[in-house]
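What follows is a single structure, written as structure tokens, with notes after it.
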Amino acid sequence: MNEKDLSILEETIDYKFNDQKYLKIALTHKSYLDEEPGYLSNQRYEFLGDTILDFDLTLYLFNNYPNLDEGNLTKIRSSAVDQSSLVTLGMNINIGEFIYLSKAEDASGGRNKKSIIEDAVEALIAAIYFDGGLENVNKFVSKYIYPNIKELSQDPGRKDYKTRLQEYYAKIGKKVTYENTSSGPDHSKEFSSKVLLTNKVIGAGNGKSKKNAEQMAAKEALLNTKK
């Protein structure tokens with residue numbers, strides 16, 4: 001990856017880095033260190049970016065939706081920054097094309113893996129923070145995440161994916177269960193979940209918590225029921 005390549009991403013997100021080293025770290029997947037051990041991976045940036053994003057969004061919701069209670073504000077925030085939303089954001093800015101991956105990870109489709117794209121987006125937010133502060137993070141979030149908030153705020157009490165899936169199968173006398181696993185270091189664990197219906201996997205998902213992974217798995221299961 002050269003400087004010209006990264007300038008394309010900068011143009012896409014409408015932010016020019018004062019120091020591209022922050023952007024390079026944000027785009028460096030841990031697998032790349034197997035071939036280039038002198039680099040830093042984006043894992044710590046991802047950890048910080050997740051927190052910064054939560055803070056910016058929490059402040060926005062608090063200031064702009066004074067009539068919503070804590071429960072509904074939390075639901076909107078969770079939906080706005082779940083894996084599906086961040087992956088969509090990542091796809092929209094083509095971040096996968098710029099991620100530093102090992103040859104093996106690249107060959108296995110790493111540029112399109114949801115967990116890798118999600119992590120890169122969160123790491124990008126941390127990179128913008130280090131380079132330009134919270135004001136520029138807010139500009140980025142305002143462009144790519146806030147436009148979805150209005151729709152979410154119109155129905156904040158809607159049932160989550162797990163509840164909807166449970167109710168769908170309860171109507172026909174069936175019950176789903178979840179099988180969960182986790183991997184990675186304590187500061188950056190990744191959780192995986194599978195939805196089982198009589199021992200058959202009907203949905204799978206990943207997330208930064210067991211709860212989020214189960215929600216993503218239930219979302220996929222719901223989509224599968226409509227096919």
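The numbering of the sequence shown is the working numbering, which starts it at 1 and goes up by one. Every residue gets a Cβ at the ideal spot worked out from N, C-alpha and C, and that includes glycine.
My output table needs one value for residue i: the three-state DSSP class, helix, strand or coil.
i      : result
Asn94  : coil
Asn42  : coil
Ile145 : coil
Glu190 : strand
Ile99  : coil
Asn180 : strand
Leu223 : helix
In chain order, what residues of the same chain lie with their CB nearer than 6 Å to the CB of residue i, ignoring the 5 residues before and after it?
i      : result
Asn2   : Bear in mind that the predicted position of Asn2 carries a pLDDT of just 49, short of 50, making it too unreliable to give a figure here.
Leu73  : Leu61
Ser183 : Glu190
What's the gap between the Cα of residue i and the Cα of residue j?
i      : j      : result
Glu35  : Ser102 : 7 Å
Phe140 : Glu122 : 12 Å
Asn112 : Lys30  : 16 Å
Asn67  : Ala80  : 18 Å
Leu197 : Phe191 : 20 Å
Gly132 : Phe17  : 8 Å
Ile8   : Asp19  : 15 Å
Quick one: what's got a C-beta closer than 8 Å to residue i's C-beta in the same chain, skipping five residues either side?
i      : result
Leu56  : Note on identity: in this sequence residue 56 is Asp, with Leu being the wrong assignment. Once the five neighbours on either side are set aside, the close Cβ partners of Asp56 are Leu134, Val137, Asn138 and Val141.
Ala217 : Tyr178, Ser193, Lys194, Val195, Gly203, Ala204 and Gly205
According to the Cβ coordinates, are residue i and residue j closer than 7 Å?
i      : j      : result
Val195 : Ala170 : no
Gln83  : Gly207 : yes
Lys219 : Tyr161 : yes
Tyr100 : Leu27  : yes
Ile117 : Val87  : yes
Ile125 : Ile52  : yes
Tyr22  : Phe98  : no
Between which two residues does the alpha helix (DSSP H) holding residue i run?
i      : result
Tyr169 : Tyr161 to Ala170
Ser78  : Glu70 to Ala80
Tyr65  : Careful: Tyr65 lies outside any alpha helix (DSSP H) and carries neither H nor E.
Lys21  : Gln20 to Ala26
Hey, quick one: how far does the beta strand (DSSP E) through residue i stretch, first residue to last?
i      : result
Glu36  : Unbroken run through Glu36: none, as it is neither H nor E.
Lys200 : Lys200 to Gly207
Excluding the 5 residues flanking residue i on each side, which residues of the same chain have their C-beta closer than 7 Å to its C-beta?
i      : result
Ser209 : Phe191
Leu152 : Ile76, Ser79 and Ala80
Compare the C-beta of residue i against all C-beta atoms of chain D and say whether one is closer than 7 Å.
i      : result
Asp186 : Absent here is chain D; the protein component of the structure consists of one chain.
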